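Data block below; observations after.
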Amino acid sequence: MTGIRDILDARRLIAHQLPETPMWSYPVLNAAVGVEVYVKHENVQPTGAFKVRGGITLLARMADRGRGVVTYSTGNHAQSIAYASRLYGVPCAVLMPDNPNPAKVAAVEALGATVEVRGATMVETAGHARDLADRTGRRLIGPADEPDIIAGVGTLYAEMFAARPDLDAVFVPVGSGTGAAAACLAAAALAPGCRVIAVQSAQAPAAHDSWRLNALVNRPVKTVVEGLATGSAFTTPQAVMRDRLDDFVLVGDDEILRAQRMLLGEAHTLAEGAGAAALAGLLARREEFAGRRVAVVCTGGNAGPKELARLLAAL
Numbered sequence: 001m002t003g004i005r006d007i008l009d010a011r012r013l014i015a016h017q018l019p020e021t022p023m024w025s026y027p028v029l030n031a032a033v034g035v036e037v038y039v040k041h042e043n044v045q046p047t048g049a050f051k052v053r054g055g056i057t058l059l060a061r062m063a064d065r066g067r068g069v070v071t072y073s074t075g076n077h078a079q080s081i082a083y084a085s086r087l088y089g090v091p092c093a094v095l096m097p098d099n100p101n102p103a104k105v106a107a108v109e110a111l112g113a114t115v116e117v118r119g120a121t122m123v124e125t126a127g128h129a130r131d132l133a134d135r136t137g138r139r140l141i142g143p144a145d146e147p148d149i150i151a152g153v154g155t156l157y158a159e160m161f162a163a164r165p166d167l168d169a170v171f172v173p174v175g176s177g178t179g180a181a182a183a184c185l186a187a188a189a190l191a192p193g194c195r196v197i198a199v200q201s202a203q204a205p206a207a208h209d210s211w212r213l214n215a216l217v218n219r220p221v222k223t224v225v226e227g228l229a230t231g232s233a234f235t236t237p238q239a240v241m242r243d244r245l246d247d248f249v250l251v252g253d254d255e256i257l258r259a260q261r262m263l264l265g266e267a268h269t270l271a272e273g274a275g276a277a278a279l280a281g282l283l284a285r286r287e288e289f290a291g292r293r294v295a296v297v298c299t300g301g302n303a304g305p306k307e308l309a310r311l312l313a314a315l
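Quick note, in the UniProt record's numbering, the sequence shown goes up one by one and the last residue is 315.
This is how it looks when you write it as structure tokens:
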């Protein structure tokens, strides 16, 4: 099981590759929410999302990098592994389900990885990825059940709690759950008084329902928020969240869009839907946290053309 030592080791490991990301409090946003909000800006990472921390950590620790890697993802995890693979000269193949975001496909290919579109759902795509890894001898990298990825993601929370050990809570968006699991591990060691609250779209509640039911379940994916469009839960993040997560909030896609508009207008930040979900969760619980210090993680800014069109239409 990943622990705080793994997170701190990962922080030292990636320090020369990724500088710390900023965390700002915006007076206009604070006034609008009624909470002292700190926005952790993972949208400024070189891939536009927090997951690059995990990709670099995993590839840096991989002993047999010459064999190459295979992964599957709708976008940000794919970019993370592709970026790290380019960094370490590792052949990388990425499989995506049907109708992927063209901007994310282009980004992955620009990083030197090959992209293959296979499968109507992420479950089908995962099966094709396993088959490809078996045929080629490449290392299969899953999106969540990877201790090194969780340790790498945990570095953002190590940064957060070093800067603000007095936070009352942190809201974390959940797709696969690596971010929430990492937040739980870091908070337990570095900020035990800080509550960790996960947020997921009500239109894709697999991780939320698995946590509530204490069992891994699948759920239909009806959300338009790409980074949260996960129809299944994952064993490793769920095990950590089950032990340490304080609460789990579901929000609607319309609430996430509202949070995107607020980040754009009040915090000068373009967030993809998943990157605004944490703020949407806080807005749903704003009365409970009135006047307190709360962090929200803007996990990414990779909004595609359709998402940008929705956001502009809502302004």
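Where a beta carbon is used, it is the ideal one built from N, C-alpha and C, also for glycine. Note that this is a predicted model, so its numbers are computed, not measured.
Start and end residues, alpha helix (DSSP H) containing A206 | 206-213
Scan the stretch 7-45 and note each continuous alpha helix (DSSP H) run of 4 residues or more that stays entirely inside, going in chain order.
-> 27-33
Pull up the distance between the alpha-carbon of I4 and that of R244, whole angstroms please.
-> 13 angstroms
Assigned exposure category for N214 - 16 Cβ within 10 Å defines buried = exposed
Check whether the Cβ of G137 sits closer than 7 angstroms to any heavy atom of the ligand SAH, and report yes or no.
-> The model depicted lacks the ligand SAH and carries no ligand whatsoever.
Run through DSSP, which three-state label would Q200 get?
-> strand
Ignore the nearest five residues each way along the sequence and tell me which others in A183's own chain have a CB closer than 7 angstroms to its CB.
-> Y157, V170, V172, V196
Ignore the nearest five residues each way along the sequence and tell me which others in A10's own chain have a CB closer than 7 angstroms to its CB.
-> T57, A151, G152, G154, T155
Buried or exposed for N99, please, with buried defined as at least 16 other CB atoms from any protein chain shown within 10 angstroms of its CB.
-> exposed
Spatial neighbours of I256 in its chain, beta-carbon cut-off 7 angstroms, leaving aside the 5 residues before and after | S201, V225, G273, A276, A277, A280
Classify V123 as helix, strand or coil using the three-state DSSP reduction.
-> helix
Under a Cβ-count criterion, where at least 16 other Cβ atoms within 10 Å of its own Cβ denotes burial, should L282 be classed as buried or exposed?
-> buried
Distance, Cα to Cα, R138 vs D168?
-> 43 angstroms
Would you be able to state if there are at least three C-beta pairs under 8 angstroms between the stretch 141-150 and the stretch 283-290?
-> no
Beta-carbon proximity list for A290, same chain, < 6 angstroms, skipping 5 on both sides | G34
For R61, I'd like the list of residues in its chain whose CB is within less than 7 angstroms of its CB, leaving aside the five on either flank, ordered along the chain.
-> D148
Alpha carbon of G55 to alpha carbon of A31, nearest angstrom = 37 angstroms
What does residue 325 pair with, by DSSP beta-bridge criteria?
-> Because the chain here runs from 1 to 315, residue 325 falls outside it and cannot be looked at.
Alpha-carbon spacing of S80 relative to Y72, whole angstroms = 11 angstroms
Tell me, please, whether the stretch 15-22 touches the stretch 256-265 by the rule of three or more beta-carbon pairs shorter than 8 angstroms.
-> no
Terminal residues of the alpha helix (DSSP H) in which D247 lies = Per DSSP, D247 belongs to no alpha helix (DSSP H); it is in the beta strand (DSSP E), 247-251.
Which of helix, strand or coil DSSP assigns to C298 | strand
Once you ignore the five residues that flank L216 on each side, which residues in its own chain have a CB closer than 6 angstroms to its CB?
-> S210, A233
Just the C-alpha distance for V70 and R292, rounded to the nearest angstrom, thanks.
-> 43 angstroms
Go through its chain and collect everything with a Cβ distance to A206's Cβ below 7 angstroms, but skip five positions before and after it.
-> V217, N218, R219, T230, G231, S232, A233
For P147, the three-state DSSP class (helix, strand or coil) | helix
Are A133 and V108 close, meaning C-beta to C-beta below 8 angstroms?
-> no
Are there 16 or more other CB atoms within 10 angstroms of the CB of T114, so buried, or fewer, so exposed?
-> exposed
Kindly list the residues whose CB is nearer than 7 angstroms to the CB of V251, restricted to its own chain and excluding five residues on each side of it in sequence; keep chain order.
-> V199, S201, A202, A277, A280, G281, A284
Nearest to A63 by CA position, among P46, G75, D166, Y88, is which residue?
-> Y88
Which of helix, strand or coil does DSSP assign to S80?
-> helix
Please name the residue in P305, R310, L311, A314 whose C-alpha comes closest to that of P101.
-> Sequence check: residue 101 is Asn here, not Pro. Among P305, R310, L311, A314, the Cα nearest to that of N101 belongs to P305.
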